[in-house]
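Novice: One structure is given below, represented as structure tokens, and several questions about it will come after.
Residue numbers (our numbering): 50 to 210.
Below you can see the structure in the form of structure tokens.
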């Protein structure tokens with residue numbers, strides 16, 4: 050039995066690492082990192098039973114060299130974009146998914162199922178155009194603020210898993 054939310058959150062993250070779910074690769078070989086955040090809320094219909102929410106976020110950072118290797122950018126025709134990226138790492142993020150459940154065991158089961166589907170989706174779906182769009186958005190934000198941004202915006206990739 051897990052007695053605190055902090056312990057439950059740590060246990061979920063340990064379980065993910067132990068099962069090699071922390072890093073997932075996509076069709077072009079980019080490695081995505083799975084980040085989990087667990088929260089406990091009052092259940093809307095049951096005053097005794099808590100409702101657990103697990104927020105799942107998948108992120109990666111790519112360099113200009115990585116983007117060329119993956120075929121997202123072309124070394125010659127995208128020279129201007131590559132110059133704007135420079136030596137920076139471009140953060141990319143999949144739309145955060147939230148799953149809910151009355152028990153931590155149910156959440157773990159749902160998470161395992163989601164990760165299985167996500168792995169298959171990442172291996173099959175070509176994200177080249179999506180990555181290109183996100184790189185363009187990152188460059189726009191970088192130009193507006195005059196420096197590299199460490200966090201991607203809320204307009205994230207939705208993989209529809």
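All C-beta atoms in this analysis are idealised placements derived from N, C-alpha and C, irrespective of residue type, glycine included.
Pairing CB atoms from the region 160-173 with CB atoms from the region 57-75, are three or more of them under 8 Å?
Specialist: Counting Cβ pairs under 8 Å, three or more are found: they touch.
Novice: Alpha carbons only, please: which of 74, 137, 107, 149 is nearest the one belonging to residue 84?
Specialist: The residue with the shortest Cα to Cα distance from residue 84 is 107.
Novice: Just confirm the distance between the C-beta atoms of residue 61 and residue 100, as a whole number of angstroms; I'd bet it's less than 8 Å.
Specialist: Residue 61 to residue 100, Cβ: 16 Å. No contact.
Novice: Residue range of the beta strand (DSSP E) that residue 144 falls in?
Specialist: Here the beta strand (DSSP E) through residue 144 covers 139-150.
Novice: Starting from residue 111 and walking both ways along the beta strand (DSSP E), at which residues does that stretch end?
Specialist: From DSSP, the beta strand (DSSP E) with residue 111 extends over 99-111.
Novice: Grouping DSSP H, G and I as helix and E and B as strand, with all else coil, what is residue 130?
Specialist: Helix.
Novice: With 16 other CB atoms within 10 Å as the buried threshold, where does residue 125 fall?
Specialist: Exposed.
Novice: In chain order, which beta strand (DSSP E) runs of at least 3 residues are fully inside the region 67-97?
Specialist: You should have 72-74, 80-91.
Novice: Please classify residue 53: does DSSP put it in a helix, a strand, or coil?
Specialist: Here residue 53 sits in coil by DSSP.
Novice: Who are the near neighbours of residue 110 in its chain, counting only those whose CB is closer than 8 Å to its CB and skipping five residues on each side?
Specialist: Once the five neighbours on either side are set aside, the close Cβ partners of residue 110 are 138, 139, 140, 141.
Novice: Please report the Cβ distance between residue 171 and residue 54, rounded to the nearest whole angstrom; I am assuming they are in contact, meaning their Cβ atoms lie under 8 Å.
Specialist: 29 Å between Cβ atoms; not a contact.
Novice: For a test of the three-state rule: what should DSSP assign to residue 28, helix, strand or coil?
Specialist: Here the chain comprises residues numbered 50 to 210, so residue 28 is not present and cannot be evaluated.
Novice: Excluding sequence positions up to five away, which residues of its chain have a Cβ less than 7 Å from the Cβ of residue 64?
Specialist: Contacts found: 157.
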